[in-house]
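Just remember that this note's numbering sits 9 ahead of the position in the sequence shown, which is counted from 1.
We treat Cβ as the ideally placed atom computed from N, Cα and C, and that holds for glycine.
Inspection log for the structure reproduced underneath, given as structure tokens.
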Amino acid sequence: QAAALEAYDGHERVWCGRDEERGLVALVGIHNTALGPALGGTRVWPHESFEAGMTDVLRLSRGMTYKAAVAGLPFGGGKAVIIADPKKDKTEALLEAYAEMLVALDGQYYTGEDVGLTLADADFIRERAPNISGTSKGGSGNPSPVTAEGVFLGLKAALAHKSGSDRLAGVLVAVQGLGSVGWSLCEKLHAEGAELVVADIDTDAVDRAANTFGARMADAGDILFVEADILAPCALGGLFSSDTIPQLKAGIIAGAANNQLARHEDARLLMERGILYAPDYVINAGGLMNVAAELAPGGYNREATMRKVTEIPRTLTAIFQKADAEKRPTNEVASDIAMARIADKRS
Ligand code: NAD
């Protein structure tokens, strides 16, 4: 409850859509629209309570404000959470009810894919609601490969900052989560000679990774704590806290998951342990850049988007250098950039 109240701080609006007949409980958080309309994906996840879903949507939508601001995009922070099991409850009726909710929001919120919402789901919603991007028909497609490219480049920038070289051959990377982004990241890491240790709660995905990449398998409960050079969280958030940070063995954290820190302040504990943390909303901005490009005047341009994604490692390197010089956690430096852009726009 306290976490939810803390997370609520600063939000402009939160919408709740309920349709009992069609099984929909959806929350749309609109955090800050100073830079533009709220844009952020829709997560479908079986949260154990309404409060847990609320905490998730509040934290996620706030993260989107920072993500868009640091990436220099003219969008605000928004995100949706549908409280449902994507494997069992995500019926066409539920998605139809959600599409109607998006229509009712009348352009206040633009969405796309996130955990539990696939490209096929986005296409289905797009036939019923205009304010969803990242679709296949006339859209930019699934943003996950673009997110993975940004994470890959950002991970290499972190490696170069820490060790003086971005050569991945023989570097051991622990990947948590082998979904859309995690899998694509593994492909890129494997292609450059990195060694992989992986975990997912979906054991089929882990078997596939072992066969495809020669990856070592770890238990989902252990992956954060395995011996590795780099830890790439690509599942859910809330991972790094005063409980888990003392047990980490990797020297770098660089992954796609949103809201990796349990609390903003926990980044200081990472810094004190000498662990280089690539702020999640900086390194994983590729997908947002991709969907934002679709909404830009003139429409989607893949080449320009991929050029924009190459800004991610440059931005991260500047953040790492400033954090070192000022002896401050990397996420504080990143949030200063975001806050300054929002303040500039308001003044
Ligand atoms: P996804 O649903 O395709 O994959 C998530 C994977 O994590 C699944 O395979 C799931 O089984 C696994 N998982 C869940 N809990 C786990 C646990 N405790 N341990 C190990 N594995 C677990 O989602 P995705 O699109 O790949 O997104 C991954 C993360 O990256 C999310 O946090 C998402 O918000 C973030 N992100 C995604 C994008 C994008 O473009 N898809 C963009 C920015 C950020």
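Whether residue i touches residue j by CB criterion (8 Å)
{"i": "G72", "j": "Y290", "result": "yes"}
{"i": "H40", "j": "G85", "result": "yes"}
{"i": "D275", "j": "I261", "result": "no"}
{"i": "G32", "j": "L114", "result": "no"}
{"i": "G19", "j": "L36", "result": "no"}
{"i": "Y107", "j": "L304", "result": "no"}
{"i": "I232", "j": "V180", "result": "no"}
{"i": "A237", "j": "A263", "result": "no"}
{"i": "W125", "j": "R52", "result": "Note on residue identity: the sequence assigns Gly, not Trp, to residue 125. It is a contact, given that the beta carbons lie within the stated cut-off."}
{"i": "E201", "j": "L168", "result": "no"}
{"i": "A229", "j": "A259", "result": "no"}
{"i": "E105", "j": "R135", "result": "no"}
{"i": "T156", "j": "A47", "result": "no"}
{"i": "A241", "j": "V318", "result": "no"}
{"i": "G38", "j": "P83", "result": "no"}
{"i": "L257", "j": "N340", "result": "no"}
{"i": "K342", "j": "I328", "result": "One point to set straight first is that residue 342 is Val, not Lys, in the sequence displayed. Yes, the Cβ-Cβ distance between V342 and I328 is below 8 Å."}
{"i": "N267", "j": "N299", "result": "no"}
{"i": "V182", "j": "A203", "result": "yes"}
{"i": "H199", "j": "T326", "result": "no"}
{"i": "K146", "j": "D123", "result": "no"}
With 16 other Cβ atoms within 10 Å as the buried cut-off, status of residue i
{"i": "K88", "result": "buried"}
{"i": "C195", "result": "buried"}
{"i": "D213", "result": "exposed"}
{"i": "K354", "result": "exposed"}
{"i": "L14", "result": "Any reading at L14 must be qualified, since the residue scores a pLDDT of 47, below 50, and its modelled position is unreliable; the value itself is stated next. Under this definition L14 is an exposed residue."}
{"i": "G223", "result": "exposed"}
{"i": "P1", "result": "Limits of the chain in this structure are 10 at one end and 356 at the other, which puts residue 1 out of reach."}
{"i": "S251", "result": "exposed"}
{"i": "A166", "result": "buried"}
{"i": "R311", "result": "exposed"}
{"i": "D130", "result": "buried"}
{"i": "P338", "result": "buried"}
{"i": "G116", "result": "exposed"}
{"i": "R27", "result": "exposed"}
{"i": "K96", "result": "exposed"}
{"i": "S193", "result": "buried"}
{"i": "G308", "result": "exposed"}
{"i": "Q10", "result": "In this predicted model, Q10 has a pLDDT of only 43, less than 50, meaning its place in the structure is not dependable enough to derive any value."}
{"i": "I210", "result": "exposed"}
{"i": "T100", "result": "exposed"}
{"i": "R68", "result": "buried"}
{"i": "D65", "result": "buried"}
{"i": "F161", "result": "buried"}
{"i": "A313", "result": "exposed"}
{"i": "S70", "result": "buried"}
{"i": "G173", "result": "exposed"}
{"i": "F59", "result": "exposed"}
{"i": "I92", "result": "buried"}
{"i": "V34", "result": "buried"}
### Message
Under 8 Å: do the region 56–76 and the region 332–351 share three or more Cβ pairs, one atom per stretch?
### Response
yes
### Query
What runs of the alpha helix (DSSP H), each 4 residues or longer, lie entirely inside the region 201–257?
212–222
### Message
Closer than 8 Å is the cut-off here; do at least three beta carbon pairs connect the region 329–336 with the region 151–161?
### Response
Short answer: they don't touch.
### Query
Just checking, does the region 134–144 make contact with the region 278–286 on the three C-beta pairs under 8 Å criterion?
no
#### Entry: Segment contact, 8 Å Cβ cut-off, at least three pairs: the region 211–227 with the region 239–246
no
### Task
Identify every run of the alpha helix (DSSP H) within the region 33–64, keeping only runs that are complete inside it and at least 4 residues long; order them along the chain.
Assignment of alpha helix (DSSP H) within the region 33–64, counting only whole runs of 4 or more residues, yields no such run.
#### Entry: Any alpha helix (DSSP H) of 4 or more consecutive residues that is wholly inside the region 292–341
DSSP runs (the alpha helix (DSSP H)) wholly in the region 292–341: 295–304, 311–318, 320–335.
### Message
Could you tell me which whole beta strand (DSSP E) segments of length 3 or greater appear in the region 157–189?
### Response
181–185
### Task
Run through the region 86–139 for me and flag every whole alpha helix (DSSP H) of 4 or more residues, listed as ranges in chain order.
Whole alpha helix (DSSP H) segments, 4+ residues: 101–113, 128–135.
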